[in-house]
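*Asks:* Following this message is one structure expressed as structure tokens.
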Amino acid sequence: MEADILHSGFDGLKFTVETDIPAELRTALAEAKALAIQTDAETLLEFGPVALSVRRTGGSAFSAHTGEYGAEWYFLDPENRPANNPGITVDFRAFLLATGGLDAAEKHFRDCMDAFGIRYAEHLLRVTRVDYAIDFLAPWFEPDREALVVPPGTRVQEHTGIDETETHATGARVTGLRAGAVANRQLAIYDKRQEVMQKGKLGWLTIWNDARAQLNRTPLDLSDRLASQVWRFELRMGAKQLRNRWEMRSWQDLRDMVGDAYTEFCEKIRYTTPSGDSNRARWPTHDLWHDVTSVIANDLHENCSGVLPSEVIETNRSEHMRMLDRQILGLLVSRAAASEVRPSEFQGFLDRHIETLKLLSEEHPTPLPERLSKAAARYRFK
3 MEADILHSGF
13 DGLKFTVETD
23 IPAELRTALA
33 EAKALAIQTD
43 AETLLEFGPV
53 ALSVRRTGGS
63 AFSAHTGEYG
73 AEWYFLDPEN
83 RPANNPGITV
93 DFRAFLLATG
103 GLDAAEKHFR
113 DCMDAFGIRY
123 AEHLLRVTRV
133 DYAIDFLAPW
143 FEPDREALVV
153 PPGTRVQEHT
163 GIDETETHAT
173 GARVTGLRAG
183 AVANRQLAIY
193 DKRQEVMQKG
203 KLGWLTIWND
213 ARAQLNRTPL
223 DLSDRLASQV
233 WRFELRMGAK
243 QLRNRWEMRS
253 WQDLRDMVGD
263 AYTEFCEKIR
273 YTTPSGDSNR
283 ARWPTHDLWH
293 DVTSVIANDL
303 HENCSGVLPS
313 EVIETNRSEH
323 MRMLDRQILG
333 LLVSRAAASE
343 VRPSEFQGFL
353 DRHIETLKLL
363 SEEHPTPLPE
373 RLSKAAARYR
383 FK
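Our numbering numbers the first residue of the sequence shown as 3 and each following residue consecutively.
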């Protein structure tokens, strides 16, 4: 059966920044939050062309946003920031991504950071969540949990309502499936038409009808479910995939490799047409999943480097070892200088000093296996 593709593109994107906000911004946010608490309404702060709405919520931090076509901003208080927590979290809005993609998101991020007066370097960025969505007009379709072929141990949930609660009902119309975990790799298939109607997100209807117009089709009438049933296939990836497996951190990393990551996603999880074959891996791929993989290949072909995660990891490991070797050499040169070693004596100094270091290691109060284990935990390359 045929299905029209009404939309495809990034639907979620979250970055963190390992830095503190400047004192001037902290003061402005604290005053705006206090006013929001007093008036029980958001307080608007203007930074040149950027308008930031500050909420009364956020605990000891500051919760704000830059509108439906902007992002959610979460600033930790630099005077009360927990150790090892990023100072800034940016969660880009779906309509910004739907209408402008990664280019619009990056521009908005950099414009806001400049306007807020926040200094940062690229190595302080961490991409922690990416969602990609494809909307199908397919009134004939209904999700079937048996059709999902997923890696062993992957949790699959079936839903019958907008809140995506697991159902144990019999005979209820299935409105969605969810497989996997957001922190790793998750596929969600759900009734987007129902969400648009119940949550009033009619901007999606405008996007869908624009796609319909380009196909010379009539606009959708959401009151007629049988003619306007839109199913969203949403492919979500969290930190375990983006950072731990693919080593994606910065905007450039995202542009270079997100296509590779989603190509692998479509291979690891499949939506199929169940058959009598006892080996689920041999079940034929469903037509809609063929469409999903084709859209991913076409939309994200410029975001592929063709490398495997193992190659990225090994490159990073090798570079890190070279960096440590350079540091060790620099320290040994400094140690030799402190001992007034002449250049002609440096090789002999190295041989003798290695023996000294062996003795120091043997006399160390913490056993070597424990020290190696702690050091290994700091360098996660897998």
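Even glycine gets a Cβ: it sits at the ideal position worked out from N, Cα and C.
State the DSSP-derived secondary structure class of V260, mapped to helix, strand or coil.
*Replies:* As a first step, residue 260 is located in the sequence shown; it is residue number 258 there, counting from the start. In the structure shown, V260 sits in a helix (DSSP, three-state: H, G or I).
*Asks:* Considering only DSSP beta bridges, list what W253 is partnered with.
*Replies:* On the sequence shown, position 251 is the one that residue 253 refers to. Per DSSP, none; premise fails for W253.
*Asks:* For L352, collect the residues of the same chain with a Cβ closer than 7 Å to its Cβ; drop the 5 residues on either side in sequence, then sort them by chain order.
*Replies:* Taking the sequence shown and counting its residues from 1, one reaches residue 352 at position 350. Within the same chain, L352 has close Cβ partners L334.
*Asks:* Is the Cβ-Cβ distance between I136 and S10 less than 7 Å?
*Replies:* Position 134 of the sequence shown, counted from the start, is the residue given in the question as residue 136. Position 8 of the sequence shown, counted from the start, is the residue given in the question as residue 10. It is a contact, given that the beta carbons lie within the stated cut-off.
*Asks:* From what residue to what residue does the alpha helix (DSSP H) around F143 run?
*Replies:* Mapped onto the sequence shown, residue 143 falls at position 141. Unbroken run through F143: none, as it is neither H nor E.
*Asks:* Return the chain-ordered list of same chain residues with a C-beta closer than 7 Å to the C-beta of I164, the five sequence neighbours on each side being excluded.
*Replies:* Taking the sequence shown and counting its residues from 1, one reaches residue 164 at position 162. Any reading at I164 needs caution, since the residue's pLDDT is 42, under 50, leaving its predicted position unreliable; the model's value is listed next. For I164, where only same-chain residues beyond five positions count, the Cβ hits under 7 Å are Q196, E197, Q200.
*Asks:* In terms of alpha-carbon separation, which member of Y71, D146, I7, K109 lies closest to S277?
*Replies:* Here residue 277 corresponds to residue number 275 of the sequence shown, with the count starting at 1. A check of alpha carbon separations from S277 across Y71, D146, I7, K109 identifies D146 as the nearest.
*Asks:* Taking just the CA atoms, how far does A73 sit from E44?
*Replies:* What you label residue 44 is simply residue 42 of the sequence shown in a count that begins at 1. What you label residue 73 is simply residue 71 of the sequence shown in a count that begins at 1. Computed Cα separation, rounded: 15 Å.
*Asks:* Quick check on I23: does DSSP put it in helix, strand or coil?
*Replies:* Mapped onto the sequence shown, residue 23 falls at position 21. DSSP places I23 in coil when its eight states are reduced to three.
*Asks:* Please determine, among M325, F348, L326, the residue with the shortest C-alpha to C-alpha distance to S336.
*Replies:* Here residue 336 is taken as the residue at index 334 of the sequence shown, counted from 1. Comparing Cα positions, the closest option is F348.
*Asks:* Does DSSP classify M3 as helix, strand or coil?
*Replies:* Translated into the one-based positions of the sequence shown, residue 3 becomes position 1. Here DSSP, grouped into helix, strand and coil, assigns M3 to coil.
*Asks:* Ends of the alpha helix (DSSP H) at G350?
*Replies:* In the sequence shown, residue 350 corresponds to position 348, counting from 1. It spans 348–365 - the alpha helix (DSSP H) in which G350 sits, taken as one unbroken run.
*Asks:* Can you give me the start and stop residues for the beta strand (DSSP E) that I209 sits inside?
*Replies:* In the sequence shown, the residue the question calls residue 209 occupies position 207. Looking at the DSSP string, I209 is not in any beta strand (DSSP E); the run it does join, the alpha helix (DSSP H), is 205–216.
*Asks:* Let's test the definition: count the other Cβ atoms within 10 Å of the Cβ of A171 and tell me whether it reaches 16, buried, or not, exposed.
*Replies:* The count along the sequence shown starts at 1 and reaches residue 171 at position 169. Unreliable placement is indicated for A171, whose pLDDT of 27 sits below 50; the coordinate value is still reported in the next sentence. Using a 10 angstroms sphere on the CB of A171, the tally of other CB atoms stays under 16, which defines it as exposed.
*Asks:* For the alpha helix (DSSP H) containing A2, list its first residue and its last residue.
*Replies:* The chain is shown from 3 up to 384; residue 2 falls before or after that span and cannot be answered.
*Asks:* Near I209, which residues of its chain fall below 7 Å by C-beta distance, leaving aside the five closest residues on each side in sequence?
*Replies:* If you number the sequence shown from 1, residue 209 lands on position 207. For I209, same chain residues with a beta-carbon under 7 Å away, outside a window of 5 residues either side, are H9, A100 in chain order.
*Asks:* Where Q216 and I7 are concerned, what is the direct C-alpha to C-alpha distance, given to the nearest angstrom?
*Replies:* In the sequence shown, residue 216 corresponds to position 214, counting from 1. In the sequence shown, residue 7 corresponds to position 5, counting from 1. Approximately 11 Å between the Cα atoms of the pair.
*Asks:* With DSSP as the reference, label R247 as helix, strand or coil.
*Replies:* Position 245 of the sequence shown holds residue 247. Three-state DSSP puts R247 in a helix.
*Asks:* Out of D258, L228, R180, F267, state which residue places its alpha-carbon closest to the alpha-carbon of R234.
*Replies:* Reading the sequence shown from its first residue, position 232 is the one you call residue 234. Per the Cα distances, R180.
*Asks:* Pop quiz: G50 and A106 are said to be a contact at Cβ under 8 Å. What is the actual Cβ separation, rounded to whole angstroms?
*Replies:* By one-based count along the sequence shown, residue 50 stands at place 48. By one-based count along the sequence shown, residue 106 stands at place 104. Going by Cβ atoms, the distance from G50 to A106 rounds to 18 Å, so no, they are not a contact pair.
*Asks:* Under a Cβ-count criterion, where at least 16 other Cβ atoms within 10 Å of its own Cβ denotes burial, should T29 be classed as buried or exposed?
*Replies:* Residue mapping note: residue 29 aligns to position 27 of the sequence shown, counting from 1. By the C-beta density criterion, T29 is exposed, having fewer than 16 other C-beta atoms within 10 angstroms.
*Asks:* Once the 5 residues before and after R157 are set aside, which same chain residues still bring their CB inside 8 Å of it?
*Replies:* By 1-based counting over the sequence shown, the position of residue 157 is 155. In the same chain as R157, and ignoring 5 residues on each side of it, the C-beta atoms closer than 8 Å to its own belong to A181, G182, A183, in chain order.
*Asks:* E197 lies in the alpha helix (DSSP H); which residues open and close that run?
*Replies:* Here the question's residue 197 lines up with position 195 in the sequence shown. Taken as a continuous stretch (DSSP letters only), the alpha helix (DSSP H) holding E197 covers 194–201.
*Asks:* Sorted by chain position, which residues of the same chain lie with C-beta nearer than 6 Å to A149's C-beta, five sequence neighbours on each side aside?
*Replies:* Stepping through the sequence shown from its first residue, residue 149 is reached at position 147. If we look at A149 and ignore the five residues flanking it on each side, its Cβ neighbours are Y273, T274, P276.
*Asks:* Check whether the Cβ atoms of Q188 and R238 sit closer than 7 Å, and answer yes or no.
*Replies:* By 1-based counting over the sequence shown, the position of residue 188 is 186. By 1-based counting over the sequence shown, the position of residue 238 is 236. Contact: yes.
*Asks:* Excluding the 5 residues preceding and the 5 following D22 in the sequence, name in chain order all residues of the same chain whose CB lies nearer than 6 Å to its CB.
*Replies:* Mapped onto the sequence shown, residue 22 falls at position 20. Excluding residues within five positions, the ones whose Cβ falls inside 6 Å are P80, G89.
*Asks:* Per DSSP, which residues does D133 bridge with? Please list them.
*Replies:* Position 131 of the sequence shown, counting from 1, holds the residue named residue 133. D133 pairs with G14, R238.
*Asks:* Give me the Cα-Cα distance between P367 and R373, rounded to the nearest whole angstrom.
*Replies:* The count along the sequence shown starts at 1 and reaches residue 367 at position 365. The count along the sequence shown starts at 1 and reaches residue 373 at position 371. The straight-line gap separating the alpha-carbon atoms of P367 and R373 is approximately 10 Å.
*Asks:* Can you give me the C-alpha to C-alpha distance between T167 and S320, rounded to a whole angstrom?
*Replies:* Numbered from its first residue, the sequence shown carries residue 167 at position 165. Numbered from its first residue, the sequence shown carries residue 320 at position 318. Residue placement at T167 cannot be trusted, given a pLDDT of 33 that sits under 50; the coordinates are not used to answer.
*Asks:* I believe F12 touches Y122 by the beta-carbon criterion, under 8 Å. Please report the beta-carbon distance rounded to the nearest angstrom.
*Replies:* Locating residue 12 in the sequence shown gives position 10, where the first residue counts as 1. Locating residue 122 in the sequence shown gives position 120, where the first residue counts as 1. In fact, because the Cβ distance is near 22 Å, the residues do not count as touching under 8 Å.
*Asks:* If I follow the unbroken beta strand (DSSP E) through L222, where does it start and stop?
*Replies:* Working through the sequence shown from its first residue, we reach residue 222 at position 220. Run containing L222: none; DSSP gives neither H nor E here.
*Asks:* If you follow the alpha helix (DSSP H) that A106 is part of, which residue opens it and which one closes it?
*Replies:* Reading the sequence shown from its first residue, position 104 is the one you call residue 106. From DSSP, the alpha helix (DSSP H) with A106 extends over 96–118.
*Asks:* Let's see if you can read the secondary structure: which residues bound the beta strand (DSSP E) around W285?
*Replies:* By one-based count along the sequence shown, residue 285 stands at place 283. First-last for W285: undefined, no H or E at that position.
*Asks:* Does the segment 222–231 come close enough to the segment 257–271 that 3 or more CB-CB pairs lie under 8 Å?
*Replies:* Not touching, per the Cβ criterion.
*Asks:* Just the Cα atoms here: how many angstroms apart are L47 and E20?
*Replies:* Start at 1 with the first residue of the sequence shown, and residue 47 comes out as number 45. Start at 1 with the first residue of the sequence shown, and residue 20 comes out as number 18. Their Cα atoms are separated by approximately 23 Å.
*Asks:* In whole angstroms, what separates the C-alpha of Q40 from that of S55?
*Replies:* Locating residue 40 in the sequence shown gives position 38, counting from the first residue. Locating residue 55 in the sequence shown gives position 53, counting from the first residue. For Q40 and S55, the distance between alpha carbons rounds to 15 Å.
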